[in-house]
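Note sheet for the following structure.
Residue numbers (our numbering): -18 to 311.
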């Protein structure tokens, strides 16, 4: 590797911004030369770093798709560098492959636990480098495309959630469009309010289920709960819950929210019955709460968040970490 080429690749420069960027990290010039000569001409934008400190600086600016990271380096070693990269929002999605002469299972387990996806053993086999880099980049780029598509769908859903119509007919069509889009981190369906369709009786576990969803929406980014809609999207309505009339149905919803979630959070929750295809669906809209919300059942108080199309209960230590991080973002 010539001095000019070495200088150029150590900077944040790319011959083709659209090509995958690879950051090669090693404190040994011979190893860097081998890596460069192996990957040059493969259609990648190549960058180099010679220390953990340089890696963090260059990666923060370049946001490489893949990092070939030497384990044993003076100063910040590869493991610590990996941990810092994965902790940084700007670099946590970069694929990391460790370069090492170490072959112990313990070292590999440590690397995988920090977020690395693979190891390449020294001395390097050029064919192995090309194969592993190509495979992991293929998976990574597919994942990026999937994330972009998911973000597009999320943006479209966000637009829907912000544009609920006032007209009852338009509102019904709006709900049908949500049902058609399916469940997500912002939308959930529940078949009934209190009635277990399998045992054919009212059960607290059914009520607690939709209360958990409301709490999870409040603790995350808000969302919409539709009760009277099956998981598959079939519109069931509210008849199965066997209330005498709509007023008693809505009063029951109101009482459960106040008793099990809290009066102080009522302003973040709105609900109404909406006629949809000859049935009535309970539309519950939740805004994100600025303070933590717990579901109170008996003596228990549980904290839930949305994870994909479901809810997850956090442990006490997880709640503390989650609330702290969420406040920092707000």
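Glycine included, C-beta positions come from ideal geometry on N, C-alpha and C.
- Query: Among residues of its own chain, excluding the 5 on either side of residue 54, which ones have a beta-carbon nearer than 7 Å to its beta-carbon?
  - Reply: Looking up residue 54 in the chain shown gives position 73. Counting only Cβ-Cβ distances below 7 Å, and skipping sequence neighbours, we find 8, 32, 33.
- Leaving out five residues before and five after residue 183 in sequence, what residues of the same chain have Cβ atoms less than 6 Å from its Cβ? Stepping through the chain shown from its first residue, residue 183 is reached at position 202. Answer for residue 183: 175, 176, listed in chain order.
- Assigned secondary structure, residue 77 (DSSP; H/G/I helix, E/B strand, else coil): Within the chain shown, residue 77 is the residue found at index 96, counting from 1. Three-state result, residue 77: strand.
- Query: Span of the alpha helix (DSSP H) holding residue 196?
  - Reply: For the purposes of this step, residue 196 is taken as residue 215 along the chain shown, with counting starting at 1. Looking at the DSSP string, the run of the alpha helix (DSSP H) that includes residue 196 is 185 to 200.
- Euclidean distance between Cα positions of residue 179 and residue 199: The residue you call residue 179 lines up with position 198 of the chain shown. The residue you call residue 199 lines up with position 218 of the chain shown. Cα-Cα distance, rounded: 29 Å.
- Message: Between the region 8 to 18 and the region 38 to 45, can you find at least three pairs of beta-carbon atoms closer than 8 Å?
- Response: no
- Query: Quick one: Cα of residue 115 to Cα of residue 107, how far?
  - Reply: Position 134 of the chain shown, counted from the start, is the residue given in the question as residue 115. Position 126 of the chain shown, counted from the start, is the residue given in the question as residue 107. Rounded to whole angstroms, residue 115 to residue 107 spans 12 Å at the Cα level.
- Task: Jot down the residue ranges of each uninterrupted beta strand (DSSP E) in the region 34 to 80, minimum 3 residues, whole runs only, in chain order.
- Result: 47 to 51
- Do the region 287 to 303 and the region 250 to 263 make contact, defined as three or more Cβ pairs closer than 8 Å? no
- Query: Below 8 Å, can you find three or more Cβ-Cβ pairs linking the region 296 to 304 to the region 219 to 237?
  - Reply: no
- Item | Span separating the alpha-carbon of residue 306 from that of residue 181 | Translated into the one-based positions of the chain shown, residue 306 becomes position 325. Translated into the one-based positions of the chain shown, residue 181 becomes position 200. Between residue 306 and residue 181, the C-alpha separation is close to 43 Å.
- Message: Let's see if you can read the secondary structure: which residues bound the beta strand (DSSP E) around residue 285?
- Response: In the chain shown, the residue the question calls residue 285 occupies position 304. Unbroken beta strand (DSSP E) run through residue 285: 281 to 288.
- Item | Alpha carbon of residue 303 to alpha carbon of residue 19, nearest angstrom | As a position in the chain shown, residue 303 is number 322, starting the count at 1. As a position in the chain shown, residue 19 is number 38, starting the count at 1. Residue 303 and residue 19: Cα-Cα distance of roughly 44 Å.
- How far does the alpha helix (DSSP H) with residue 14 in it reach, from first residue to last? Along the chain shown, one-based indexing puts residue 14 at 33. Its alpha helix (DSSP H) spans residues 10 to 20.
- Going by Cα to Cα distance, which pick from 276, 23, 86 is closest to residue 113? Walking along the chain shown from the start, residue 113 turns up at place 132. Considering only alpha carbons, the answer is 23.
- Message: Please return the same chain residues whose Cβ sits closer than 8 Å to the Cβ of residue 99, not counting the five positions on each side in sequence.
- Response: For the purposes of this step, residue 99 is identified with residue 118 of the chain shown, where counting begins at 1. Counting only Cβ-Cβ distances below 8 Å, and skipping sequence neighbours, we find 78, 79, 113, 117.
- Helix, strand or coil at residue 164 [DSSP, three-state]: Working through the chain shown from its first residue, we reach residue 164 at position 183. If DSSP states are grouped into helix, strand and coil, residue 164 belongs with coil.
- Item | Identity of the residue in 301, 241, 61 nearest residue 279 by Cα | By 1-based counting over the chain shown, the position of residue 279 is 298. When only C-alpha atoms are compared, the closest one is 241.
- Task: Answer yes or no: do residue 27 and residue 65 have a C-beta to C-beta separation smaller than 7 Å?
- Result: What you label residue 27 is simply residue 46 of the chain shown in a count that begins at 1. What you label residue 65 is simply residue 84 of the chain shown in a count that begins at 1. Not in contact: residue 27 and residue 65 (Cβ atoms no closer than 7 Å).
- Is the shortest distance between the beta-carbon of residue 223 and the beta-carbons of chain C less than 7 Å? This model lacks chain C altogether; it includes just one protein chain.
- Query: Among all the DSSP beta bridges, which residues are the ones paired with residue 156?
  - Reply: Here the question's residue 156 lines up with position 175 in the chain shown. Residue 156 is not bridged to any residue.
- Local conformation of residue -9 per DSSP, three classes: The sequence position of residue -9 within the chain shown is 10, counting from 1. Confidence at residue -9 is low in this model, with a pLDDT of 47, below 50, so its placement is unreliable and no value can be given for it.
- Message: Taking the straight line between their C-alpha atoms, what separation do you get for residue 30 and residue 126?
- Response: Against the chain shown, residue 30 aligns to sequence position 49. Against the chain shown, residue 126 aligns to sequence position 145. Cα to Cα, the separation comes out at about 28 Å.
- Task: Check each candidate in 51, 91, 266 and name the one with the smallest Cα separation from residue 168.
- Result: By 1-based counting over the chain shown, the position of residue 168 is 187. Selected option, being the one with the closest Cα: 266.
- For residue 180, which three-state DSSP category applies? Counting from 1 along the chain shown, the entry for residue 180 is found at position 199. It is coil, neither helix nor strand.
- Message: So for residue 94, helix, strand or coil by DSSP?
- Response: As a working note, residue 94 is residue 113 in the chain shown. Residue 94 falls in the helix class under three-state DSSP.
- Item | With 16 other Cβ atoms within 10 Å as the buried cut-off, status of residue 228 | The residue you call residue 228 lines up with position 247 of the chain shown. Burial call: exposed.
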